[in-house]
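Beneath this line is the structure, given in structure tokens, with notes to follow.
Protein chains in written order, with our numbering: chain A, 18 to 320; chain B, 414 to 456.
Below is the structure:
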């Protein structure tokens, strides 16, 4: 199992001012380490206390690696490692971190360089030099920038996990080769991505096939009803309109049958995304709860 | 000719562990993101 964070984990706002923000960020970093989180991208809401706080936290971390392939200081020097390589279950993963483009308000001279070229250069290096099987980009970027990366990455990237606007859970979106994954938000979910790594090529979304099967079931009902109505119609213009409807249903049905028939899609690597809800049904860890309540007493505004 | 069934049995026994090891390569990834400084999510 590999635990990763797409960034924007530590602070409520990119600008400082909340007296409890440091204590919260330190507790979060400590707990991410304890959970075995392997890597995290540095996002806008991780830089609220400037880069020194985070660089120090990164150096002191037992396991967690803070990554950014495009964040540089005033001298153009990288502040964080661009990537890391980890082997899990015999599979070599390359993990790349990305930060948003533009100047960082909390640290003069620090700037996020254009993320897409930085991600492509690092991902290609991981494929070619490190021979990784799967490249995951942890993209702490606006959604539109992550989307752009997914369209321009070719086969250099397998997954892009995007954080920035707290978009919440969603469905995987494959553009060309890479698949965009929404990781959930505000500690309310864990995204769980099962990978089947037999074969080559882009990862096929198994839940897409399941959705297509369900859509086919609904469409078959609608098609039957449309045919029954057509049989009962006598007026020529009404019949013509209904015939067009039936024809469009049948065309859609053909496409869905293709999607749901085994062997019509490329065999090989596949994935299945689901979410684990972290609601009241998940018991609190007593020791962590004590630490939380020291910062956010029960009944306080943030609790 | 008599030895052939024994050979087949032997081969089958030898190959069984290989078949058992050839389980599909599967890995589970867990992601978090956009936590936004949250330490006490309340729904």
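A virtual CB, placed ideally from N, CA and C, is assigned to each residue, including glycine.
Local Cβ density within 10 Å of residue i, reported as buried at 16 or more and exposed below that
i	result
residue 300(A)	exposed
residue 152(A)	buried
residue 289(A)	buried
residue 18(A)	exposed
residue 76(A)	exposed
residue 291(A)	exposed
residue 68(A)	buried
residue 161(A)	exposed
residue 415(B)	Low confidence applies here, because residue 415(B) scores a pLDDT of 48, under 50, leaving its location unreliable; read the following figure in that light. The residue in question, residue 415(B), is exposed, as its Cβ has fewer than 16 Cβ neighbours within 10 Å.
residue 29(A)	buried
residue 120(A)	exposed
residue 317(A)	exposed
residue 241(A)	exposed
residue 154(A)	buried
residue 235(A)	exposed
residue 287(A)	buried
Neighbour list for residue i in chain B, Cβ cutoff strictly below 8 angstroms
i	result
residue 200(A)	444, 445, 446, 447
residue 45(A)	448, 450, 452
residue 180(A)	446, 447
residue 19(A)	440, 441, 442, 443
Residues near residue i by beta carbon distance below 7 angstroms, same chain, minus five either side
i	result
residue 90(A)	96, 126, 127
Cut-off 8 angstroms between Cβ atoms - residues of its own chain near residue i, not counting five sequence neighbours on either side
i	result
residue 433(B)	A caution first: residue 433(B) carries a pLDDT of 49, below 50, which makes its placement in the model unreliable, though a value can still be read off. Excluding residues within five positions, none has a Cβ falling inside 8 angstroms.
residue 270(A)	233, 236, 237, 240
Under 9 angstroms by beta carbon: chain B residues contacting residue i
i	result
residue 70(A)	In chain order: nothing, as chain B lies at least about 13 angstroms away.
residue 209(A)	441, 442, 443, 444
residue 192(A)	Result: empty, since nearest Cβ-Cβ is about 19 angstroms, beyond 9 angstroms.
Contacts around residue i, its chain only, beta-carbon distance under 6 angstroms, and the 5 residues preceding and following it disregarded
i	result
residue 141(A)	173
Unbroken stretches of the beta strand (DSSP E), 3 residues or longer, contained in the region 172 to 233 of chain A: 176 to 179, 190 to 192, 195 to 198, 206 to 213
Which whole runs of the alpha helix (DSSP H) in the region 40 to 128 of chain A are 4 residues long or more, in chain order? 67 to 77
Residues, ordered as in the chain, of the region 91 to 110 of chain A that lie near chain B by beta-carbon distance below 9 angstroms: 105, 106, 107, 108, 110
Where in the region 234 to 317 of chain A do unbroken runs of the alpha helix (DSSP H), each at least 4 residues long, occur, reported from the N-terminal end onward? 253 to 277, 303 to 312
Fully enclosed by the region 131 to 173 of chain A, which beta strand (DSSP E) runs are 3 residues long or longer? 151 to 156
Could you please tell me which residues of the region 21 to 34 of chain A, in chain order, have their CB closer than 7 angstroms to any CB of chain B? 21, 22, 23, 24, 25, 26, 27, 28, 29
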